[in-house]
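Residue numbers (our numbering): 408 to 521.
Structure representation (structure tokens):
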């Protein structure tokens, strides 16, 4: 999608520290982390946000969550805990309009989130 920064990362046209990649998704380190572990997990298919998912995307979010759990375990945060955050549209804090999930761990999380 033309000027989408995440599409450029997925296509290798922009640098990012990839920590996971398969045929459906990519996970990269956030360039402005808010916790010791802050990864962005995104589908390779350009989807604006959860509101843009189509019936054929039925297993995509489940796959993303399974990979998030794997990455949290791999980084040593399964027992201490982790958070997965998804923002939909600007009012909720979405700043890149390509579906992505933040995997956060390594610090105390508060409730309610900001």
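Cβ atoms here follow ideal geometry from the backbone N, Cα and C, with glycine treated the same way.
Which partner residues of residue i appear in the DSSP bridge assignment?
{"i": "residue 508", "result": "448"}
{"i": "residue 484", "result": "Note: residue 484 sits in no beta bridge, so no partner."}
{"i": "residue 428", "result": "433"}
{"i": "residue 489", "result": "512"}
In angstroms, rounded to a whole number, what distance separates the CA positions of residue i and residue j?
{"i": "residue 436", "j": "residue 472", "result": "16 Å"}
{"i": "residue 491", "j": "residue 466", "result": "17 Å"}
{"i": "residue 419", "j": "residue 474", "result": "21 Å"}
{"i": "residue 481", "j": "residue 428", "result": "15 Å"}
{"i": "residue 484", "j": "residue 410", "result": "34 Å"}
{"i": "residue 444", "j": "residue 486", "result": "14 Å"}
{"i": "residue 462", "j": "residue 515", "result": "36 Å"}
{"i": "residue 383", "j": "residue 479", "result": "Here the chain has residues from 408 to 521 only, and residue 383 is not among them."}
{"i": "residue 517", "j": "residue 489", "result": "12 Å"}
{"i": "residue 477", "j": "residue 417", "result": "20 Å"}
{"i": "residue 496", "j": "residue 464", "result": "19 Å"}
For residue i, collect the residues of the same chain with a Cβ closer than 8 Å to its Cβ; drop the 5 residues on either side in sequence, then sort them by chain order.
{"i": "residue 421", "result": "412, 415"}
{"i": "residue 459", "result": "506"}
{"i": "residue 498", "result": "none"}
Excluding five sequence neighbours on each side, which residues of the same chain lie with their C-beta closer than 7 Å to the C-beta of residue i?
{"i": "residue 431", "result": "450, 451, 467, 470"}
{"i": "residue 424", "result": "435, 436"}
{"i": "residue 448", "result": "432, 434, 471, 474, 475, 507, 508, 510"}
Of all the CB atoms in chain B, is at least one closer than 8 Å to the CB of residue i?
{"i": "residue 476", "result": "The structure shown has no chain B; it contains just one protein chain."}
Do residue i and residue j have their CB atoms nearer than 8 Å?
{"i": "residue 446", "j": "residue 426", "result": "yes"}
Ignore the nearest five residues each way along the sequence and tell me which others in residue i's own chain have a CB closer than 6 Å to its CB.
{"i": "residue 500", "result": "494"}
{"i": "residue 520", "result": "none"}
Cβ pair count under 8 Å reaching 3, the segment 493 to 511 against the segment 438 to 456 = yes
Stretch-stretch touch, CB-based, cutoff 8 Å, three pairs: the segment 426 to 442 with the segment 510 to 519 = yes
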